[in-house]
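> Positions -20 to -1, 1 to 1034 (mature numbering (1 follows the signal peptide of the UniProt record, and there is no 0)) are the ones given, in order, by the sequence shown.
Below you'll find the structure I mean.
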Amino acid sequence: MAPPAPGALPLLLLLHLTASSKLNTPKVLLPFTRGSRVNFTLEASEGCYRWSSTRPEVASIEPLGPAGCLCSQRALVQARSSQPTRLTTIISAEDTLTGEVLRCDAIVDLIHGIQVVSTTRELYLEDSPLELKIHALDSEGNTFSTLAGLVFDWTVVKDPEADGFSDSHNTLRILKFLESTYIPPSYILEMEKVDKQGDTILVSGIKTGSSKLKARLQESIYKNVQPAEVRLLILENIFLNPTYDIYLLVGTSIQYRVEKLSQGKITEIAMPSEQYELQLQNNILHPKGDPSLPVAKLDQATSTVTALQQGQTNLILVHKSIRMQGVSRLPSSTVCVVAPAYLGFTVHPGDRWVLETGRLYEITVDVYDKSSNKVYLSDNIRITTELSGEHFEVLQSSLNGSYHYVMAVKAGQTTIDAALTSVVDQDGGVHTFPVPVRNQQDVEIYVPILLVPSILMFPWQPKAGVYQYTIQAQGGSGSFSWSSSNQAVATVTVKGVLSTGSDAGVSIIQVFDVRNPLLYGEMKVYVSEPSAMEFTSCQVEAHVGQVLELPLRISGRTSVDRGELVPLSDCSQLELGVELENPGVFSPLEGRLKPTADFCSGVRLKAEFQGYTRLVVVYTHGHVRLSASIAIAAYLPLRAIDPPSVALVTLGSSKDMLFEGGPRPWVQEPSKFFRNVSAEDAESIASSLLELPTPGNSNQHWVRVLCRSLGEQVITLTVGNSPTVTSPFPVVEAAAVKLICALPSRLALIPVYGSPQLALSCPLLQQSKQLVPVSNYHNPVLDLAAYDQQGRKFDNFSSLSIVWESTNKAIARIETELPMELTLKEEGNGQKKMQGLQTVVVDREFGTAAISATATGFQQPHLKAARAQIPHEAVLPGPATVELMLVEDVKVSPTGLSIYNHPDIQAELLIQQGSGYFFINTSVPNIVRVTHEETRGIALVQPLLPGSVTVMIQDLCLAFPAPAEAEIHVSDIQELYVRVVGKVEIGKTVKAYVRVLDDSKKHFLTKYFPVMDLSLKAASHLVSLVRLRSSSVMTDEALCILEAVTWQRVSGEE
C-alpha cells in the first residue's frame, strides 16, 4: 500500500471529528402559528457550538446554556414566520474548538390535517390510563416535528355507532397529568397549569361501553382543519382463573373461576351469571378418539371441566347478551387432554436438589405428557411418593400425593421415589394405569453454611493487604463462591482468604453454595482504628527459665461514633512498645503471639530471676494512644532438696524435709498464698509445716514428717496461690518425695577420719579393716550409722536405744559424761543424714581395744510422742564393733632445712609414728617437689625454684589438730667466706676454712659443695693449697691445708 500523502492526515482527522459530532435531527418541520410559539430543541452529541440561522424571520435559533456563554451544545429553534406559506431556513452550528460546522434545515408550513395515535383502542376498567397524542401533517402528508405549545380542544362526544348506549359519552374521562403518576413533556405541565390542553392527554374508563373522543386546533387560522376523532372501547377487566392452557388426564377435572379487577382488587364473579356464560367449543379429537364422545364436558353449575378422552377443546367466556357479543372480547382457555409420559420433581425454594437441614421445603411431583407439557394435577389422581423418614420430616401432604411440605432433618444423600398409579372417579371407582409412571429424584442434604468466625475486626492500615485471614466455611456442599460487599474495606479470594483494604468501614462477606445459591452464609468484617487495649485473663507466673505468654485483646468500634467495641481478630502488625518496671526479672523476647479466637496478639517474656515486676504495653499511632499494664512474677521451680527423692527413718523418728522454690505469695494479694502437705496414708504419719529458719525467705519450705507405723508412702507438698482478680489462673506446683519407715538391718561404726579442710578420707574406710589406728594423744570420735536391707543409710534413727561397750577400758573407755551426739551430716546430693558421734576417752597408752554399739530397742518417749507401736515381729540388728589400735601422732625431722637450688640435690625428711597413711602437701606450689617413699618412711624434697616453703604431713587416719611441718628454704649462692690465720711460717702449714652462705646468710651444708663447682686458689706461688676431705657431710664449712713456701703477703681467690 502506498504511503499517505502529506495532507492526508489532517483530512482523516477532520473526517473523524465530523463523524464524531452529530445533531439530533437533520430537518425540522414546524407549524405556522400566530397566537403561540412552537419550539424545538436542537442538540449536538458533543462539543460547544455557535448557532446561526440564515433566515431568522422564518425560524430563530437561541443557544441554551449558562448566561454569558458564547457557545452551547443545545439550542432552541422557534418558528417566527409571518407568512402562511412554506418557508425554509438553514440552521448552522460551528464548533468553537475545531471549526466543524453542523447543519439542519428548519421548515415552517401550514397544518393540513391532524390525527390521534395511541397504543391501543381498548380500555379496561380499573386499569392504568391510556395516553393519546396528536400528530399533524402538512399538505404533502409530512409529519410535523413537534406541536409543543399548540392549544387543542379535547372533548368526549356521543358515539352514533354505539347503538343502545344512551350515555356512551359518559364512559370516558380525560385526566390531567398533574393528577396522575406519569411524567409528560414539560410544556404539557405548563399548559395544564393555565387550564389549557396540548397535543398529549390521558384518558381512563369510567364504565363499560364505547366512546368517541374528538380533538380540534384552537388557532383561528386552522378553523377549517378537520378535527381528529378516535373511538375507544371500555371493557370490564375480566379473566379466567387459571388463565393459561390446561393439560388434563382422562378422568381428571379442573374447576375454573371467572374473576374481575375492581378498585384495585380481584373479585370473583359467581357462576352461572346473568351476564356471562362458559362454553366448550372447537373439539379436536385424538386420531384414535371416539367421535361419539366430546373431548371434555362442562358442568355449568360448578364451572368444572372433566376430561373424557384425549384431544383438545376451548373454554370460552361469552356474553349472554347478543349485542355485547359483537363488541366485547372476553377471555378463553385451551383444554388439552393427554396421556401421562413421565414424572418430574420440583422443590421450592431454590429449585435445586441441594438442600439444607433445618429448612422447610415444598416438594412437588409433576406429571408431563410426551411433549413435556405439565399436566394439571386434580385431587382425584393418585401418586405414591416415598420420602426417607431419616432425612425428612413430612409436615403436610396433599390428597393426590403430588405435594409434600417437609423439613430436612439430617444431612446425607437420599432418593425420592414417586409413581402415578391411578385415577379415582366421582363414584369412588379406581382406574389403575396398566403401567404406572415412575421416576426417582436424587437429593443431597447438607448442614447450613456457617462462617467461622461470624465477625472479624482488623486495625486500619493505610496499605491494603496488611492483614490476611482464612475464613472457615463449614457445612454446605464444599463448592463455594465468595463475595465482599465493600472491596475497599476487604477482599476475599475464591478460597476464602480475606485481605484488608485501604479504607476503614464494614464489609459483609458472603459465601454461596455453587450448587444452590440459596445455601449461603455471611459474616461481617470491620476495619477500624484501635480504641481499647487490655490483657486477657491469663497465667501471670512463670518459673525461672520458662517463657511467659501474655495475650493482648485490642478492640475497635464498629462505627466511628458510638459503635460497639469488638475485639480485633489480628493485630500482629501493630507496633507495640514494651516497658518493664524491673527489667532484671523478665526479659522481652522477639516476636508476638499468633492471633487466636480470644486475642489478637501478645508479648512473650522469659523469666530470668525470681521477683515481681509490672509490664506496660503501649500502642501509639497518630492521635491514638493506648496502654495496658499487668503484674507478673517469676519464681524458682519447686523441688525437693532434702531428701531429693527418698527419706529413710526408724519408727518414732522424724524427718525435716526441705523444699525450695515454687510460686511466691502473690504481690497484690499475699493472703491467697498456701502450702499444703498430703500423704497417701495420713494415719501412718504426722506431718506439719515448720516455721522458716530464715524469716522472710519464702523460697524454702520445711516439712516435718513423723513416722507412726512401718511402711512407705509418698509425701507431696503443694505450693501456690488461690485465684484472684489480678491472677485468675495462678500456678500451683507440687513436689513429691518418698518416706520409708523401716527397721534397720545393720549398724556401722567407723572412726571420724580425715581433715575437713582437705576433703580427704582415710584409706581404711575403703579397706574395711577391723583394726584401725587412733591417736593416743587425742580422744577419737566414732561415727555410728544405721542401714536397711538395701544398704540405704537412715536419715534419722534417734528413736533407737544404743548401748556402748569397750573390751579394754584401761586404754579406751566410754564415759557417761560424754554421751553419743546425734548430728545431721550433709551427703553429696544435699541430703542430710543422721550420724551418732561417740567420743572414746584414751590415756596416752599403747594397745588395742574393741568398741561396740548395740541397738537394744526403741526409746519409749519417742514412741509415746509419735503414738507409734512396735510390731511383734520387729527384729533389731546385731552390734557394730570396731577394734582400735592406739598410736602416737606423726612427727617429722628435721623441722627446718636449707638446700641448694640444684636439680641433683635431694633432701630427706624422716616421717615417724602416726597411722602410716599420710597426705603431704606444700604451703607454696612450685618451690620444691616432695615425694613420699612409704617403704623407707621418708619424704624426698627436690628444689625447683628459690624460695621458702612449708612441707605439711597430714595423717589421714588420726584426728589431731595440726599436721607435722618442716620449713624448707631453697636458695642459690649468695656469699663465699674463707677463714684463715693472717701469718704463717715458711715451711709450716695452717688450716683454711671455707663457708658458702645462702640469701638468708645461712650456711650451706658441705654435702652440697660437690655440685657447686667450688675451687680454692692462691694468688701467687708463695703458698700451696691442699683440700682436706670433711669427715661429715652435715658440716657447714670445707677445710684446706695451706703451706708457706716463701715470704710475701699473699691473698687467696676462688
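For glycine and all other residues, C-beta sits at the position ideal for the given N, C-alpha and C.
(1) Would you tell me roughly how many angstroms separate the C-alpha atoms of V867 and S903, rounded to the nearest one?
(2) Where does the unbroken alpha helix (DSSP H) through E170 begin, and where does it stop?
(3) Report the three-state DSSP secondary structure of T986 (helix, strand or coil).
(4) Counting C-beta neighbours from all protein chains within 10 Å, is the total for I41 16 or more, i.e. buried, or is it exposed?
(5) Can you tell me which of the three DSSP states residue 1035 falls into?
(6) On the DSSP letters alone, give me the boundaries of the beta strand (DSSP E) that A829 sits inside.
(7) Is there contact between the stretch 435 to 448 and the stretch 548 to 562, where contact requires at least three CB pairs shorter than 8 angstroms?
(8) Please confirm whether I918 and V910 have their CB atoms less than 8 angstroms apart.
(9) From the DSSP output, in three-state form, read off S651 for me.
(10) Report the option in A59, Q818, D107 whose CA atom is closest to the CA atom of residue 1035.
(11) State the Cα-Cα distance for the pair F372 and M387, rounded to the nearest angstrom.
(12) Would the beta-carbon of V491 fall within 8 angstroms of that of A453?
(13) Can we say the stretch 79 to 90 touches the stretch 163 to 176, given the rule of at least three CB pairs closer than 8 angstroms?
(14) If you drop the 5 nearest sequence neighbours on each side, which residues of the same chain put their C-beta closer than 7 angstroms to that of Q448?
(15) Taking the C-alpha atoms as reference points, what is the distance between E23 and E80?
(16) Relative to the alpha-carbon of S62, which residue among W646, G45, A391, E37 has its alpha-carbon at the smallest distance?
(17) Is the stretch 318 to 329 touching the stretch 227 to 239 in the sense that three or more CB pairs, one from each, lie closer than 8 angstroms?
(18) Assuming contact is defined by CB atoms lying nearer than 8 angstroms, are I201 and R14 in contact in what I supplied?
(19) According to the Cβ coordinates, are F898 and Q934 closer than 8 angstroms?
(20) Quick test of the definition: if touching needs 3 or more C-beta pairs under 8 angstroms, does the stretch 942 to 949 touch the stretch 829 to 846?
(21) Give the single residue among R572, V712, E514 whose Cα lies nearest to the Cα of V545.
(22) Residues in the same chain with beta-carbon distance under 7 angstroms from T706, minus the five sequence neighbours each way, listed in chain order, please.
(23) What is the residue span of the beta strand (DSSP E) that Q393 lies within?
(24) For L193 versus V205, is the C-beta distance shorter than 8 angstroms?
(25) Nearest-angstrom Cα distance between K390 and S609?
(26) Within this structure, are the beta carbons of L400 and I363 separated by less than 8 angstroms?
(27) What is the rounded straight-line gap between the Cα of P874 and the Cα of Q922?
(28) Please return the same chain residues whose Cβ sits closer than 6 angstroms to the Cβ of Y767, not counting the five positions on each side in sequence.
(29) Quick check: the Cα distance between E370 and G392, rounded to an integer number of angstroms?
(30) With DSSP collapsed to three states, give me the class of I249.
(31) Near M932, which residues of its chain fall below 8 angstroms by C-beta distance, leaving aside the five closest residues on each side in sequence?
(32) Cα separation between V685 and I665?
(33) So is K504 in contact with chain D if we call contact Cβ pairs under 8 angstroms?
(34) Taking Cβ positions, are L295 and S312 nearer each other than 8 angstroms?
(35) Helix, strand or coil for L545, going by three-state DSSP, please let me know.
(36) Quick check on DSSP: helix, strand or coil for N679?
Reading from the atomic positions:
(1) 27 angstroms
(2) 166 to 173
(3) helix
(4) buried
(5) Shown here, the chain extends from -20 to 1034; a query on residue 1035 therefore has no answer.
(6) 827 to 838
(7) yes
(8) no
(9) helix
(10) A question about residue 1035 goes unanswered here, because the residues of the chain that appear run from -20 up to 1034.
(11) 6 angstroms
(12) yes
(13) no
(14) V477, L478, S479
(15) 15 angstroms
(16) E37
(17) yes
(18) yes
(19) yes
(20) no
(21) The amino acid at residue 545 is misidentified as Val; the sequence shows Leu. Checked all of R572, V712, E514; the closest Cα to L545 is E514.
(22) A611, Q648
(23) 392 to 404
(24) no
(25) 50 angstroms
(26) yes
(27) 15 angstroms
(28) R726, K773
(29) 10 angstroms
(30) strand
(31) I900, N901, T902, S903, P943, A944, E945
(32) 7 angstroms
(33) No chain D is present in this structure, which holds just one protein chain.
(34) yes
(35) strand
(36) coil
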